[in-house]
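In the UniProt record's numbering, the protein residues as written are 1 to 319.
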Amino acid sequence: MVTSDRARLIEQQLASTPIEVTWSTPGDLARQSMEAVADEPAPGRQMISLGTLHMAGDGVTGSAARMSAIGEVMTTFQRLVTAVGAAQEGFTALRGTFPAALLAKTQLRLIASPRLGSVVLDFMPEVPPADELYGRVGVPLIDEPRTQRADEAVVEVINMLQAAQDLSADVDESPLVEDLVGRGPRVAAALREFAKTLATSDFETDLSWRQPGEPTRRTTLPAQDAARLFSLIASRELDHGEAVIEGVIHTVSDKTALAIETDDGAWEYVRGSRLPPDALAGIRWGSRVRVIADTVEVRKPGGEVTVRYTAKGIEQLPD
């Protein structure tokens with residue numbers, strides 16, 4: 001729960017920071033000046049970054065929108081920010097879970113407010129800047145860090161959404177495609193789901209981020225651009241990765257999933273429908289195998305996100 005001191009600080013920032021700020025405007029300069037004065041008494045960074053997701057368009061009536069659609073926007077945006085933050089720290093594969101410390105640093109906290117003709121979601125990092133940047137060590141005398149992981153992750157999300165509006169006719173030559181390949185399939189999958197949510201909900205989405213002492217970063221993504229972004233990721237399979245699975249095979253069939261018990265005791269179920277007809281010939285039940293699998297994140301009807309494995313190759317290993 002936010003402490004009373006922190007709550008007052010948030011209220012002061014929200015009151016003194018216009019939501020309708022843009023890139024490097026006089027208002028931006030005034031905000032940064034006020035933040036510099038407010039942040040001066042204590043060493044290190046104390047003030048909190050604030051972001052805004054502003055939904056308008058045909059998916060909004062008055063200041064109302066479907067709760068399910070807004071919930072999807074919040075869920076998929078949080079997944080996207082976490083995936084980008086994880087990629088910044090080297091976690092790009094679809095397999096495995098993120099460290100708890102990383103999840104904490106990229107977790108966002110909602111501050112909701114209405115605006116006529118639209119729906120506005122204000123948000124901020126859950127971890128206070130002083131806790132993340134300095135911890136128990138205290139503020140360093142030189143090279144004092146000022147940027148949280150959430151700052152970096154949200155700004156990169158804004159950059160990706162801006163790049164989605166600048167796609168050329170030859171999308172394969174777009175810097176966005178190369179960027180998503182470099183970030184890995186988990187970021188691409190999260191961006192795919194976020195774009196799909198905005199497109200199907202028919203939202204024109206304005207996203208801004210206000211880090212103390214820095215210019216406001218902002219972009220607007222119309223629903224049609226979100227649909228195009230979703231189509232790009234899905235058609236180019238930018239959300240697909242590759243995994244190597246080794247373990248004992250308990251199902252040898254091209255009709256049902258291959259059940260493999262890995263060395264750490266986990267069970268992986270791999271689709272074998274794309275294997276060549278003779279790929280399973282000679283594979284014995286209970287033998288050790290190595291499977292090269294295509295991986296992609298899928299969302300079940302209840303919202304659960306899982307990784308689907310589809311075998312591209314299989315070989316039996318020596319016992």
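Note that the Cβ used here is the ideal one computed from N, Cα and C, for glycine as well.
Count the other C-beta atoms from every protein chain shown that fall within 10 angstroms of the C-beta of residue i, then say buried if there are 16 or more, exposed otherwise.
{"i": "residue 242", "result": "exposed"}
{"i": "residue 110", "result": "exposed"}
{"i": "residue 67", "result": "exposed"}
{"i": "residue 265", "result": "exposed"}
{"i": "residue 319", "result": "exposed"}
{"i": "residue 277", "result": "exposed"}
{"i": "residue 106", "result": "buried"}
{"i": "residue 125", "result": "buried"}
Using a Cβ-Cβ cutoff of less than 7 Å, which residues in the same chain neighbour residue i once the five nearest sequence positions on both sides are dropped?
{"i": "residue 300", "result": "306"}
{"i": "residue 194", "result": "76, 77, 80"}
{"i": "residue 154", "result": "51, 81, 209"}
Excluding sequence positions up to five away, which residues of its chain have a Cβ less than 6 Å from the Cβ of residue i?
{"i": "residue 267", "result": "261"}
{"i": "residue 274", "result": "310"}
{"i": "residue 137", "result": "none"}
{"i": "residue 272", "result": "254, 258, 311"}
{"i": "residue 232", "result": "171"}
Quick one: grab the DSSP three-state call for residue i.
{"i": "residue 123", "result": "strand"}
{"i": "residue 300", "result": "coil"}
{"i": "residue 235", "result": "helix"}
{"i": "residue 247", "result": "strand"}
{"i": "residue 68", "result": "helix"}
{"i": "residue 61", "result": "strand"}
{"i": "residue 172", "result": "helix"}
{"i": "residue 196", "result": "helix"}
{"i": "residue 96", "result": "coil"}
{"i": "residue 324", "result": "As displayed, the chain neither begins before 1 nor continues past 319, which places residue 324 out of reach and without an answer."}
{"i": "residue 131", "result": "helix"}
{"i": "residue 46", "result": "coil"}
{"i": "residue 294", "result": "strand"}
{"i": "residue 241", "result": "strand"}
{"i": "residue 229", "result": "helix"}
Beta strand (DSSP E) containing residue i: first to last residue?
{"i": "residue 376", "result": "Outside the displayed range of the chain (1 to 319) lies residue 376, so it cannot be described from this structure."}
{"i": "residue 206", "result": "204-210"}
{"i": "residue 268", "result": "267-271"}
Can you name the start and end residues of the alpha helix (DSSP H) that residue i belongs to?
{"i": "residue 182", "result": "175-183"}
{"i": "residue 105", "result": "100-106"}
{"i": "residue 153", "result": "149-165"}
Taking 7 Å as the cut-off, is the beta-carbon of residue i closer than that to any non-hydrogen atom of the ligand ATP?
{"i": "residue 65", "result": "This structure lacks the ligand ATP, and indeed carries no ligand of any kind."}
At least one CB of chain C closer than 8 Å to the CB of residue i: is that the case?
{"i": "residue 308", "result": "Absence of chain C from the displayed structure is noted, only one protein chain being present."}
Near residue i, which residues of its chain fall below 8 Å by C-beta distance, leaving aside the five closest residues on each side in sequence?
{"i": "residue 263", "result": "246, 247"}
Between the stretch 218-233 and the stretch 81-93, do at least 3 Cβ pairs fall closer than 8 Å? No: the two stretches stay apart, fewer than three of their Cβ pairs being nearer than 8 Å.
On the three-pair Cβ rule with 8 Å, is the stretch 52-64 touching the stretch 160-172? Judged by Cβ distances under 8 Å, the stretch 52-64 makes no contact with the stretch 160-172, as fewer than three pairs qualify.
May I ask you to verify whether the stretch 199-217 touches the stretch 90-109, counting CB pairs closer than 8 Å and requiring at least 3? As far as the Cβ criterion goes, the stretch 199-217 does not touch the stretch 90-109, which means the pair count is below three.
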